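So in the working numbering, the last spot in the sequence shown is 1176, and the numbers never skip.
Quick reminder that beta carbons are idealized off the backbone N, C-alpha and C, glycines included.
Computed from a prediction, not measured in an experiment: that's the story for all the values here.
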Amino acid sequence: MTCFGADSIMADTKESNVPAPGEAEGDGPPKTAKQLEKEAKKQAKLDKLKQKQNMLSEKASKAKEKKDKGEKTERKKPERPEGVTSYDAPTPAGERKDTSRPLPDAYSPQYVEAAWYSWWEKQGFFSPDYGRDPGTENPKGQFVMVIPPPNVTANLHLGHALTNSVEDAITRWHRMKGRSALWVPGCDHAGIATQVVVEKRLMREQKLTRHDLGREKFVEKVWEWKNEKGDLIYEQLRRLGSSFDWSRASFTMDPKLARAVKEAFVRLHDEGVIYRSLRLVNWSCTLKSAISDIEVEKRELPGRTLLAVPGYKDKVEFGVLVSFAYRVDGSGDELVVATTRVETMLGDTAVAVHPDDPRYTHLHGKFVLHPFLPRRLPIVCDTFVEMEFGTGAVKITPAHDPNDYEVGKRHNLPFITMMTDEGRIADDCGQFSGMPRFEARRAVLAALKEKGLYKETKDNPMVVPICTRSKDIIEPLIKPQWYVKCDEMAADAMEVVKSGELRIIPETYQKTWYHWMSGIRDWCISRQLWWGHRIPAYFVTVGDDSVPRGEETDGRYWVSGRDEAEARQKAADRFQVAPEVVSLRQDPDVLDTWFSSALFPFSVFGWPDQTDDLKRFYPTSLLETGHDIIFFWVARMVFFGRKLMGQLPFKEVYFHAMVCDAHGRKMSKSLGNVIDPLDVIRGISLEDLHKLLHNSNLDPAEVKKAMQGQKEDYPKGIPECGTDALRFALCAYTTQGRDINLDVLRVQGYRFFCNKLWNATKFAMLYLGDAFEPTAEMPAAGGGESAGGLDPMDRWILSRLSAATDACDAGFVNYDFQAATTACYNFWLYDLCDVYLESIKPVFADGEPARQAAVRQVLYTCLEVALRLIAPFMPFIAEELFQRLPRRSPDAPPSICVTAYPEPEQLAPYRHAALEAEVELAQRVVHTVRSLRAQYNLPNKTRAHLVLRCSEPETAAVLRRLAAAVATLSYSSRVEVNAEPPAGCAISTVSDKCEAHLLLKGLVDPAKERERLGKKQTQLAGALEKLTAQTEMADYATKVPEDVRTANADRSVQLRAEIESIERGLQQLLLME
104 MTCFGADSIM ADTKESNVPA PGEAEGDGPP KTAKQLEKEA KKQAKLDKLK
154 QKQNMLSEKA SKAKEKKDKG EKTERKKPER PEGVTSYDAP TPAGERKDTS
204 RPLPDAYSPQ YVEAAWYSWW EKQGFFSPDY GRDPGTENPK GQFVMVIPPP
254 NVTANLHLGH ALTNSVEDAI TRWHRMKGRS ALWVPGCDHA GIATQVVVEK
304 RLMREQKLTR HDLGREKFVE KVWEWKNEKG DLIYEQLRRL GSSFDWSRAS
354 FTMDPKLARA VKEAFVRLHD EGVIYRSLRL VNWSCTLKSA ISDIEVEKRE
404 LPGRTLLAVP GYKDKVEFGV LVSFAYRVDG SGDELVVATT RVETMLGDTA
454 VAVHPDDPRY THLHGKFVLH PFLPRRLPIV CDTFVEMEFG TGAVKITPAH
504 DPNDYEVGKR HNLPFITMMT DEGRIADDCG QFSGMPRFEA RRAVLAALKE
554 KGLYKETKDN PMVVPICTRS KDIIEPLIKP QWYVKCDEMA ADAMEVVKSG
604 ELRIIPETYQ KTWYHWMSGI RDWCISRQLW WGHRIPAYFV TVGDDSVPRG
654 EETDGRYWVS GRDEAEARQK AADRFQVAPE VVSLRQDPDV LDTWFSSALF
704 PFSVFGWPDQ TDDLKRFYPT SLLETGHDII FFWVARMVFF GRKLMGQLPF
754 KEVYFHAMVC DAHGRKMSKS LGNVIDPLDV IRGISLEDLH KLLHNSNLDP
804 AEVKKAMQGQ KEDYPKGIPE CGTDALRFAL CAYTTQGRDI NLDVLRVQGY
854 RFFCNKLWNA TKFAMLYLGD AFEPTAEMPA AGGGESAGGL DPMDRWILSR
904 LSAATDACDA GFVNYDFQAA TTACYNFWLY DLCDVYLESI KPVFADGEPA
954 RQAAVRQVLY TCLEVALRLI APFMPFIAEE LFQRLPRRSP DAPPSICVTA
1004 YPEPEQLAPY RHAALEAEVE LAQRVVHTVR SLRAQYNLPN KTRAHLVLRC
1054 SEPETAAVLR RLAAAVATLS YSSRVEVNAE PPAGCAISTV SDKCEAHLLL
1104 KGLVDPAKER ERLGKKQTQL AGALEKLTAQ TEMADYATKV PEDVRTANAD
1154 RSVQLRAEIE SIERGLQQLL LME
């Protein structure tokens, strides 16, 4: 039989840059023996690769010589680029893929990912009722999870890809464990974000504002956008392989969920949990709406900084502290104050000093005069003033600053709003009325100077609040808004975590949970938008003289209702009048998007109706999401679940890492590092990446900056990586409690891993043959004839398979996805490909039929179990290859999706720690011999006699038992243990108990090898001399960074070791002549 070997499987030049899952770059802790062993394996592969490259180079030189001599060279067909094969068999959507065709030569994501998803979906594999009567109880239990609904505003990014890769792996694992698994998909209407995008689009394409269209027509435009983008997002989720039950897909503005929102608001309002109040809010003048804290970027400025602000031609100055004086009424004294927002002095209603500050004792109870307005400002005493900061006197603007707001309430000061919703100075501000706020900033400063009241301007490090949606500067404004009382719900949320009723993973986030809950403020749920759930609250006007007209700030004149009729009846009952005399005006505002999201775990199941789904699937099992929304979404789901359902919405919360770019920067469109996962899956050119920016909502200046970022990070674009590689990479990099700095190009490394997995399976299937039939049961554990002819290497690979199964299962149980992916990666790459497939070559070359049959059963077991292990992470390639394997039983499930996950208990009998240690020793011998062969440029086809000298009988016995495997893996003609080494051997130490003697006499030309090694020694000596000179410079320790010094020290050690190795080699060559 002619086959290609595992060394050809592994011969991928690019793989040298592929990290094992979880492998870190840069400095780290001392490497373990296992890590060193892996590095040795990798080095051996590189050495082998170098030999192949040398041979290819020689062939190319000979071909060139022939060409130069005018000889005809054989014409070859152009090689087909790897990865371009596509599946073209006529397969209607939802029908099973045709697997009767031979597998393509190389792994192709396009080929592998075709057709499977629509078949999975049509077969109902993703339904919790697959394989059983609907609604019947599953003795193995159930697993339920809802998606963190992505915003409908735009395509998914890599953060969404991480969320869905982790969640799908978890769901698939539970499904394969036999549980009724339900993962509910959906989208969020994303009030502010969606409205902003549609408004920009409307202006860009039609030069219209939403006000030009009117509310009803504008909302229709947003629904058009939603229908366009929502479908795209769902298609992206399908491309990611996400195993959702699509029959339960939910959009937060769907009628079912809208009804839940109304019900929740009305119940909570009737109970007094929701109330109306006049308070400071984060106000975006561009959006003309209050926004939540999560939509505010707190940008730190080191000092004076000019920032671009929407609506202003020139940049605006921030990061300075302006000092000016108020004159004291009735005296010649001045009171100097300082502010970062000098225009807000138009809303000042007091100046505060500390009651114990001796500098101002004589001013207690007095007033200062406003320089521009007919206003006397009292000097109030308040302990919030820091005497040491600035002048110790603070201007108080209660309507425009959170701290001043509290001072104003304590001292019953007037709350004067000096700014309109649009960001212009209010009408009652004299000469400044009507000015845009930042033009007024300059005008006020000039006027202060003119009056001689200006003192100084100096740099002041500060934090500027910026609206992430509009890029506008946030203004604190007093507005009547709807609020949710949170104190009691927050106390309950802390208690359920302390009691263990709600488990937070990783536990480090419990501290964050307690921090948010203990310092909680009531939640502002009003948004001055048109897109969203309109607040089901109505302002009451009674057409009866006995009932006075109310103020909008008076909560008594507001009622809520599931419809207008209910609200009217509530108003009639409250004011004891007939419903006919009640007039209602619905609040035009909409609810904060997070309000409907907080209901998601039960609104998707039909609440407030007591549906079968609600009874069966609530509470859910797990919430998996990013830690950045621990308060904005997770806490609020807990609040509403406990308040409205009387139960937690989930039993566990797992917070995954945040995805940053390769430089550790947060993903940002303006940086050009926000990547669509489909562009990683399919690949995209740099030119097309640029086109995406031009078609986005970014400003031209941001587009230019983003294009530069893309050019630096993706000079050749993004290569096609495929879904499986992307999913595996994201899960492999997920470490609890640490963010991911993901270089998208490193995902390509896992595409190469897919290629190795593909080739290994193809190679193994050649050994299995078309007529192979697996036994009904897996091979028996043990050894000898009673075990079906299994030799030590068979038992070793089954032991490694058992270890991988343990690690994978534990990884899922403990949400340690890095451990699970590492176990899969190591088994396929290092155990199966590097060792076992190589070791069984002689069996199929000239082994006994009974021995071949036994090996086939072992090989099949490895493939079948290992594909099931990796299936939750790589569903497409696992399905493609699994379908090519025969089944142990005719009643086996039709898809790997619904095939049982390997159970540790089932494979536990295979575990043999002592045997693994013995094979590890044999592998050290192999690596040592391969390094010797590489040092002397000995090609693999040239077999050499190997003698192993062991100082202990136990070591010698182990290596005698494994001599056949050592000979195969080290390309030795024969292996002898403790025989007398012949003359002309190269010698290398394996360990303190073993030495390898490789007979090279007659296989290498000593003179040529001495010349080659001599040249290499000279090069290395020169490099060492240059490096030593650098490290011996007088200012080396002070001027060179520590990490560079460490790297140089390591390089120095490496160079010395290489030179010593060459010296030994030269000495040994002298003995061969």
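### Task
Confirm, please, whether the CB-CB distance from Ser392 to Asn267 is below 8 Å.
Result no, Cβ atoms of Asn267 and Ser392 do not sit closer than 8 Å.
Check your understanding: In whole angstroms, what is the alpha-carbon distance linking Ile623 and Met592?
Key -> Taking the CA atoms as reference points, Ile623 sits about 10 Å from Met592.
Do Asp782 and Ile843 have their C-beta atoms within less than 8 Å of each other? Between Asp782 and Ile843, the C-beta gap is not smaller than 8 Å, which leaves the two residues out of contact.
Through-space distance from Ala1068 to Ala1099, alpha-carbon basis: Their backbone Cα atoms lie some 15 Å apart in a straight line.
### Query
Which whole-angstrom value describes the C-beta separation of Ile577 and Trp386, a residue pair presumed to lie in contact below a C-beta threshold of 8 Å?
With a contact defined as Cβ atoms closer than 8 Å, Ile577 and Trp386 qualify at about 7 Å.
Q. Skipping 5 residues on each side, what residues in its chain have a beta carbon closer than 7 Å to that of Ala1182?
A. What the structure shows of the chain is the stretch from 104 to 1176, and residue 1182 is not part of that stretch, so it cannot be assessed.
With a cut-off of 8 Å, do at least 3 Cβ pairs link the stretch 813-828 to the stretch 967-983? Counting C-beta pairs closer than 8 Å gives three or more between the stretch 813-828 and the stretch 967-983, which meets the contact rule.
Worksheet entry | Cβ contact check for the stretch 637-651 and the stretch 681-701: 3 or more pairs under 8 Å | As far as the Cβ criterion goes, the stretch 637-651 touches the stretch 681-701, which means the pair count is three or higher.
For this session: Report yes or no: do three or more beta-carbon pairs, one from the stretch 722-738 and one from the stretch 807-821, lie closer than 8 Å?
Result: At 8 Å Cβ cutoff, the stretches do not touch.
Given this structure, state the Cα-to-Cα distance separating Ile1177 from Val958, to the nearest angstrom. Here the chain has residues from 104 to 1176 only, and residue 1177 is not among them.
* Three CB pairs or more closer than 8 Å across the stretch 454-466 and the stretch 426-438 -> They touch, by the three-pair rule.
* Asked: By Cβ distance below 6 Å, which residues in the same chain neighbour Val287 in space, the five residues on each side in sequence not counted?
  -> The residues are Val249, Arg351 and Val707.
Do three or more CB pairs link the stretch 919-939 to the stretch 980-989 at distances below 8 Å?
-> The stretch 919-939 vs the stretch 980-989: no contact.
Residue range of the beta strand (DSSP E) that includes His1100:
Here the beta strand (DSSP E) through His1100 covers Cys1097 to Leu1102.
Residue range of the beta strand (DSSP E) that includes Pro579: Pro579: member of the beta strand (DSSP E) spanning Glu578 to Val587, first to last residue.
Query raised in the report: Of all the beta strand (DSSP E) runs that stay within the bounds of the stretch 1043-1090, which reach a length of 3 or more residues?
Result: If only complete runs of 3 or more residues are kept, the stretch 1043-1090 shows the beta strand (DSSP E) at 1047-1053 and 1075-1080, in order along the chain.
Under a three-way DSSP split, which group does Gly173 fall into?
-> Confidence in Gly173 is poor, its pLDDT being 42 and thus under 50, which makes the residue's placement unreliable; the coordinate value appears in the next sentence. It is coil, neither helix nor strand.
Under the three-state DSSP convention, the category Asp827 falls into: The answer is helix: DSSP assigns Asp827 an H, G or I state.
*Identify every residue that forms a DSSP beta bridge with Trp286.*
Note: Trp286 sits in a beta bridge opposite Met248.
For the beta strand (DSSP E) holding Pro568, just list the boundary residues, first then last. That run of the beta strand (DSSP E) goes Met565 to Cys570.
Practice problem: Please report how far the alpha carbon of Ile607 lies from the alpha carbon of Leu265, in whole angstroms. | Solution: Our two residues, Ile607 and Leu265, have alpha carbons roughly 19 Å apart in a direct line.
### Query
DSSP three-state call for Asp291: helix, strand or coil?
Secondary structure of Asp291 (DSSP, three-state): strand.
Quiz item: When the Cα of Val1080 is compared with those of Gly1087, Ala1070, Tyr1074 and Gly493, which residue comes out closest?
Solution: Closest by alpha carbon: Ala1070.
Query raised in the report: Can you give the Cα-Cα distance for Glu542 and Val850, rounded to whole angstroms?
Result: C-alpha separation (whole angstroms): 50 Å.
Checklist line | Outcome for Lys169 when other beta-carbon atoms lying within 10 angstroms are tallied against a minimum of 16 | finding: Residue confidence is low: Lys169 scores 42 on pLDDT, short of 50, so the model does not pin down where it sits. Its coordinate-derived value is still stated next. Exposed is the call here.
TODO: Under 8 Å by Cβ, that's how I've got Ile900 and Tyr939 pegged, so tell me the actual separation to the nearest angstrom.
DONE: Indeed they touch by this definition, with Cβ atoms about 4 Å apart.
**Asked** Is the CB-CB distance between Val547 and Met448 below 8 Å?
**Response** Against a cut-off of 8 Å, the Cβ pair of Met448 and Val547 comes out as a contact.
Out of curiosity, what's the CA-to-CA distance linking Lys552 and Thr442? Whole-angstrom Cα-Cα distance: 15 Å.
Taking C-beta to C-beta, are Thr355 and His260 nearer than 8 Å? The answer is no: Cβ separation not under 8 Å.
field: Delimiting residues of the beta strand (DSSP E) encompassing Ala218
entry: Where Ala218 is concerned, there is no enclosing beta strand (DSSP E), given that its DSSP letter is neither H nor E.
Do Ala1047 and Cys1053 have their beta-carbon atoms positioned less than 8 Å apart in this structure? Not closer than 8 Å, so no.
Buried versus exposed call for Pro242 [16 or more other C-beta atoms within 10 Å across all chains shown]: Result: exposed.
Return helix, strand or coil for Asn330, following the three-state DSSP convention. Note: Asn330 maps to helix in three-state DSSP.
Same chain, Cβ closer than 6 Å to Ser889, five either side skipped, listed in chain order
For Ser889, the pLDDT reaches just 40, beneath the cut-off of 50, and the residue's location in the model is therefore unreliable, although a value from the coordinates is still provided. Around Ser889: no qualifying Cβ.
Here's the rule: buried if 16 or more other CB atoms are within 10 angstroms of the residue's CB, otherwise exposed. What is Arg178?
Only weak support is given to the placement of Arg178: the predicted model assigns it a pLDDT of 33, under 50, and the value that follows is read from those uncertain coordinates. Flag for Arg178 reads exposed.
* Asked: Hey, out of Gly1168, Arg1148, Ala363 and Leu717, whose CA is closest to Arg665's CA?
  -> When only C-alpha atoms are compared, the closest one is Ala363.
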